[in-house]
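Heads up: the structure comes next, in structure tokens.
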Amino acid sequence: MSHWNLDPDRCFSPLLSQSSLARTIYEEIKDLPLVCPHGHVPPSLLANPDATLGSPAELFVIPDHYIFRMLYSQGIKLESLGVPSQDGTQVETDGRKIWQLFADNFYLFRATPTGLWIKDELINVFGISEKLTEESAQRIYDELEEKLAQPEFSPRALFKRFNIEVLTTTDAAHDTLSDHASMHEEGFTSVRPTFRPDAVVNLDAPNWRQNIDKLSEVSGIEVKDYKSFIVALEQRRTFFKELGATATDHAALTAETKPLSDAEAETIFAKALSGKSETSDASRFTAHMLSQMARMSTEDGLVMQLHVGSRRNHNAQIFNTFGLDKGADIPVATEWTRSLEPLLNSYGNDERFKLILFTLDETTYSRELAPLAGHYPALRLGPPWWFFDSVKGMERYFDAVVETAGIYNLAGFNDDTRAFASIPARHDVWRRVCSNWLAGETLKGFIDDEEDAAEMARELAYGLAKKAYNL
Amino acid sequence: MSHWNLDPDRCFSPLLSQSSLARTIYEEIKDLPLVCPHGHVPPSLLANPDATLGSPAELFVIPDHYIFRMLYSQGIKLESLGVPSQDGTQVETDGRKIWQLFADNFYLFRATPTGLWIKDELINVFGISEKLTEESAQRIYDELEEKLAQPEFSPRALFKRFNIEVLTTTDAAHDTLSDHASMHEEGFTSVRPTFRPDAVVNLDAPNWRQNIDKLSEVSGIEVKDYKSFIVALEQRRTFFKELGATATDHAALTAETKPLSDAEAETIFAKALSGKSETSDASRFTAHMLSQMARMSTEDGLVMQLHVGSRRNHNAQIFNTFGLDKGADIPVATEWTRSLEPLLNSYGNDERFKLILFTLDETTYSRELAPLAGHYPALRLGPPWWFFDSVKGMERYFDAVVETAGIYNLAGFNDDTRAFASIPARHDVWRRVCSNWLAGETLKGFIDDEEDAAEMARELAYGLAKKAYNL
Amino acid sequence: MSHWNLDPDRCFSPLLSQSSLARTIYEEIKDLPLVCPHGHVPPSLLANPDATLGSPAELFVIPDHYIFRMLYSQGIKLESLGVPSQDGTQVETDGRKIWQLFADNFYLFRATPTGLWIKDELINVFGISEKLTEESAQRIYDELEEKLAQPEFSPRALFKRFNIEVLTTTDAAHDTLSDHASMHEEGFTSVRPTFRPDAVVNLDAPNWRQNIDKLSEVSGIEVKDYKSFIVALEQRRTFFKELGATATDHAALTAETKPLSDAEAETIFAKALSGKSETSDASRFTAHMLSQMARMSTEDGLVMQLHVGSRRNHNAQIFNTFGLDKGADIPVATEWTRSLEPLLNSYGNDERFKLILFTLDETTYSRELAPLAGHYPALRLGPPWWFFDSVKGMERYFDAVVETAGIYNLAGFNDDTRAFASIPARHDVWRRVCSNWLAGETLKGFIDDEEDAAEMARELAYGLAKKAYNL
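Chains as they are written, first to last, in the numbering used here: chain A, 1 to 471; chain B, 1001 to 1471; chain C, 2001 to 2471.
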């Protein structure tokens, strides 16, 4: 039985002088509370004190598109991984078989951040001590299953053990926020909602019409035209704020923010309501609504987040059988400079406004985003997102943005995950990469001394996220 | 006389702990047989047992656009380098003069992969022991000339000495494959053809009409319309397979793969046959034919390669005087995500299909190619191509793709060369860079141990290429 | 009082073997004279022997958009930094208050090149020995103020102390060059003008009509149509040459170079003169004029520089209040391959022509610029520009271009600055990064030995700039 170790100096440079300074810096920040201002943990997991994390397969494989997309890329069917179908297709239900298949192929994750997170989670959260292989799979399943049944592995117990200071979820504009309301009532205010209106703002969102109806229902405002739509959204923002929200979140294929005239907005919205949208309506309306959301943010103070550049559901066959979020969202090149110009010219100099940007196009870090964030007072840069929430992704991000924007125009870290138990592993990678990067900068003479470096590390690990999100 | 040395630890990190582990890994793979699944060695060189490599100028300078483009960029005329003209322009014929000019300017290749390959080839293949300079040029010419006349420097002898397990050439769809047929007959099956139909598929290819006639001739199928064109191509694919081909290859300016209806394809092809193509016909037809080629691959099992993004013959003056492949092909930005969507939606989930992608736009590695390859089972990523077949090109490639796609969605290495004698040098660079990169990943804690790293190195150096190309 | 130190090995690798070789190389080049072939120092500063550098706030803060954009991005008003307004808005005039605000926020520049330059300038040019902080601000102000009043801190004295061999300024085509004429007369020929006709060539330049009138005035040629416009420009180029110019400079949003017919050029120019330009006229005319400028360069031998990709004055509110060059110019993605094709096909093979390219889109280094420069004899690549004139910007540049273009197709270094006293700090960063990069290449076996590396360093630090600019 081979012992499985996490390198205590993982993510640090192999150069001793650098890893040694990195460790010194890391020691100062590794135990800071976790600030999680953007993520996708289901609020029910924390609202219900009796919630559990489920079986090992339910925890690690079935819901995690980082995992099953890689297995799928090597010819393993999603059916055999137990991913629920939407069209009645039979899928595997035996958690042990699913886990075995995962373990058989865990070698695919060598040298990937997903591999590192899983290993960290198995060792540090669950105390697994042998390497996950074809051979060890069932023993590890036994051990995980046993632990997952214990109260100290309930989401609430882990929330405390993980030292999470605040965690925000992502919630549709038409959500009732019942879980949040119950936590709020209970006084468990470390969990907060985030207002994400994509499903009603993007006219081509799946089930848009039904979502509008739900919006009418939850807001008590009948959405019958553009004006009532805007009023309903404003009502929901207020409601989200009352339950602790400090931010909104918006996803778009492009960063276009050109506003429409009120009349144009009215017309397009009316066409959509009557099911007669034309091809370009949705993209023009989304651009307009981003501008409207910025306007609302200047009024209600909610920080605006913008995630741009994912071509969703690229694989029609997978989408038809399994639905959204199945590892088939593929980035496209993104233009920020011209696209954000309308919005920034209206609100970019406004002291009441804060906009945090996320990209899937790394070429825009140094070319567009850092110059924009190094000028506009309203802008902050979100951390490397999705495929780039990785060791090298972070290193490229720091290398590309800090020379132009400094570190004080950054928004710290987001774990952006639905995998609750992986949160500490993700923050730990960020903290390690920050420490190592700052150590390098110090040794190369770009930071005056260790004291400055440690102060910067505390900001990156903790302070900047709180400031950026008004937490 | 200065002794000329190859650093035994070249391409490794200057950090001792990393270079030492890199060396350990490299020792395990450096003598593995060479798998060369994509290249441009003329088959005649190996079909004819009496073939020779020619004079030093004919071997190193005259046919190699990597060499003469750099000399040309510094004001040295192609005429003076003996590059054959197509319009009757007189060019230098004295090999010694050409060689001297090359040696005088060999310093231009400092810190380039071309410089490293040449040095490796001179030292390791030809046993040259003094540095190539203005002063040593003629002595080295003497020594090379003497060696090149010896039987142990014939292409076949070198093929054996290089330990090449399999080498594929690139052959037009309308080629008779007579050299391949003769090797096949002889039982020399380590050399295989690859089906490259660009010259008949791209309607704007030089001499397209004549190529179609040749296609009719070699296939025995009179290409008189789109239908017979498709039948002729299918016939040729079968013929290539019979002579050992396992793959096809396709070059395109963009990655567009949108299919036409049969009627549209008929119409465009008919216009082309009658010399009346319109401007956009060629690009639309190429996109369509890529889709057709994918369809054929699902049926006959030939692996499909796609090389995208080279704007060919950028310099009209050079093209008019010297023709194709004269160092004036310049990359353009490439879009993969939307462009491949039609093809991947038809064939990307098909177990019978394999598609290997090559790009000249490094920004697409992490943004588009790795996410695509990390999802679609049919996709594999080819190694860094052309300008990026270099130490830093490889390092950027690994850094950009592995975190998202792992190493098992890669297709190993291609030398992609017409310079037969440079093959070992090129594979050696790849093997060294792999070893060094894996050493770094291991030391940073992203690979569990040396054993895993060595296994990954064997895949990258040997196994993945064989699997990707069904060899 | 904390002592403030510059790391003697700043910009070098923390790896001892590399920094040690880097230092050896650096020692050979650090005292070479400074060649400054492109910059924005006001010629009056050097033409007038009694000129001074002004107060500390006037020297370091008020005119430097690198400084105040970062402060602005964190919510500090340009008014409070004394940046002069154009619309009568009151701004701070107390230099000590401005300086204090700068010092309070100097931590924002940690790990930025601007921070490094300022620190170097304060320590090495002005002998400041304590760290710039909120607390030390006024003491340092005193010391700077005292020094700036001394004759050895006059621009001319510093010019000598900095060991500047040649410095070129950037001057409008309609400039009288009176300062240059007076220096020329005096025999102070180390300062030379550069011909920059953007303000008359770009039809949408602010005050274009007035600039044309000035052009008529200074050239003595009444610009009344396209033909006289061309003649006037040719006259000015001759005049600039007589005062020592060896180069022209051109800024454009895109790299388009498609020429117009004479008739089209006539028509567009006539429309502009009568104030009736249409939307696309300016961009088409700029493209045409770039081609014309190349033609003139083949005739008069002035080296052509092209700076592409800055979307100027992105922030309308800042532009309206404070005008041009206020830190709100943001890069956009740039296409070179197709855009330069017309110009390069006309002049790219011409022995009389030299074109130096500058980009704000780093993705084009390896994809387009290095392949172009590694082929066309007329092309040279300018150093990393603006946001990329930084340690990591330079490292990425070398890593991206040298493997394809070698170092001999580069144009050495430009400081490109209006901050005269920062010139040595900027050249020093380049020289250090070159030394460290060459040390790495040598240790990895890509350069034969230290001697070759030192020769390359001398070229990069001194020789290539002189050759590229015919200095």
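Think of the CB as a built atom: it goes at the ideal place given N, C-alpha and C, for glycine as much as any other residue.
query                                                                                                                                                                                                      : result
Taking the beta strand (DSSP E) that D249 (chain A) belongs to, which residues open and close that run?                                                                                                    : A247 to A252
With respect to the beta strand (DSSP E) encompassing R380 (chain A), which residues constitute its N-terminal and C-terminal limits?                                                                      : L379 to L381
What do you reckon, are the CB atoms on C11 (chain A) and I423 (chain A) nearer than 8 Å?                                                                                                                  : no
Please state if the CB of V61 (chain A) and the CB of F322 (chain A) are separated by a distance shorter than 8 Å.                                                                                         : no
Please report the straight-line C-alpha distance between I76 (chain A) and P1063 (chain B), rounded to a whole angstrom.                                                                                   : 46 Å
Is the beta carbon of D2300 (chain C) sitting closer than 8 Å to the one on T2257 (chain C)?                                                                                                               : no
Any beta-carbon of chain A closer than 8 Å to the one on F2012 (chain C)?                                                                                                                                  : yes
What residues in the segment 2362 to 2389 of chain C bring their beta carbon closer than 8 Å to a beta carbon of chain B?                                                                                  : T2363, S2366, R2367, E2368, A2370, P2371, L2372, A2373, G2374, H2375, Y2376, P2377 and L2379
For I1447 (chain B), which residues in chain A fall below 8 Å Cβ to Cβ?                                                                                                                                    : R110 and A111
On the premise that F353 (chain A) lies in contact with T298 (chain A), defined as a C-beta separation below 8 Å, what is that separation, rounded to the nearest angstrom?                                : 5 Å
Quick check: is the beta carbon of Q150 (chain A) nearer than 8 Å to any beta carbon in chain C?                                                                                                           : no
Starting from V1125 (chain B), follow the alpha helix (DSSP H) in both directions and report where the run begins and ends.                                                                                : Careful: V1125 (chain B) lies outside any alpha helix (DSSP H) and carries neither H nor E.
Of all Cβ atoms in chain A, is any one closer than 8 Å to the Cβ of D2009 (chain C)?                                                                                                                       : yes
If contact is defined by three or more beta carbon pairs under 8 Å, each pair taking one atom from either stretch, is the segment 326 to 338 of chain A in contact with the segment 360 to 376 of chain A? : yes
Find the nearest neighbour of L1283 (chain B) within the set B:S1310, B:G1275, B:T1254 and B:R1311, judged by alpha-carbon distance.                                                                       : Looking at the sequence shown, residue 1283 (chain B) is not Leu but Ser. It is B:T1254 whose Cα lies nearest to the Cα of S1283 (chain B).
Spatial neighbours of F2195 (chain C) within its chain, please: CB distance less than 8 Å, with the 5 preceding and 5 following residues excluded, ordered by chain position.                              : D2171, A2173, R2236, R2237, F2240, A2245, A2247, T2248, D2249 and L2302
Nearest CA to the CA of P2384 (chain C): which residue from C:L2360, C:G2406, C:E2403 and C:H2375?                                                                                                         : C:L2360
Nearest chain B C-beta to E2337 (chain C) closer than 8 Å, yes or no?                                                                                                                                      : Reading off the sequence, residue 2337 (chain C) comes out as Thr, not Glu. Closer than 8 Å to some Cβ of chain B, the Cβ of T2337 (chain C) qualifies, so yes.
Ignore the nearest five residues each way along the sequence and tell me which others in P2151 (chain C)'s own chain have a CB closer than 8 Å to its CB.                                                  : A2157
Quick check: W1004 (chain B) and I1098 (chain B), are their CB atoms within less than 8 Å of each other?                                                                                                   : no
Comparing alpha-carbon positions, which option in A:E79, A:A149 and A:E135 lies nearest D50 (chain A)?                                                                                                     : A:A149
Who pairs with Q2305 (chain C) in a beta bridge, going by DSSP?                                                                                                                                            : C:D2249 and C:I2356
Which same chain residues end up closer than 6 Å to A252 (chain A) when comparing Cβ atoms and leaving out the 5 residues on each side of it in sequence?                                                  : T286 and V308
Who are the neighbours of T404 (chain A) on chain C, taking C-beta pairs under 7 Å?                                                                                                                        : F2387
With 8 Å set as the bound, which would you pick, yes or no: does the beta-carbon of N2315 (chain C) sit closer than that to a beta-carbon of chain B?                                                      : no
On a CA-only basis, which of C:E2143, C:Y2072, C:L2046 and C:T2052 is nearest E351 (chain A)? Give me that one, please.                                                                                    : C:Y2072
Provide the residue span of the alpha helix (DSSP H) that contains I2029 (chain C), from first to last.                                                                                                    : L2016 to I2029
Can you pull the chain B residues whose beta carbon is under 7 Å from the beta carbon of L116 (chain A), in chain order?                                                                                   : F1446
On the premise that L343 (chain A) lies in contact with S291 (chain A), defined as a C-beta separation below 8 Å, what is that separation, rounded to the nearest angstrom?                                : 5 Å
Determine whether the Cβ of Y2408 (chain C) lies closer than 8 Å to any Cβ atom of chain B.                                                                                                                : yes
According to DSSP, is V61 (chain A) part of a helix, a strand, or is it coil?                                                                                                                              : coil
Identify the continuous alpha helix (DSSP H) that holds L438 (chain A) and give its terminal residues.                                                                                                     : I423 to L443
For N2349 (chain C) and Q1317 (chain B), which I take to be in contact (beta-carbon distance under 8 Å), what is that distance rounded to the nearest angstrom?                                            : 5 Å
Rounded to whole angstroms, how far is the Cβ of D2179 (chain C) from the Cβ of A2047 (chain C), which I believe are closer than 8 Å?                                                                      : 4 Å
Enumerated in chain order, which unbroken segments of the alpha helix (DSSP H) with a length of 4 residues or greater are wholly contained in the segment 33 to 99 of chain A?                             : 43 to 47, 56 to 60 and 65 to 73
Using DSSP with H/G/I as helix, E/B as strand and the rest coil, what is P259 (chain A)?                                                                                                                   : coil
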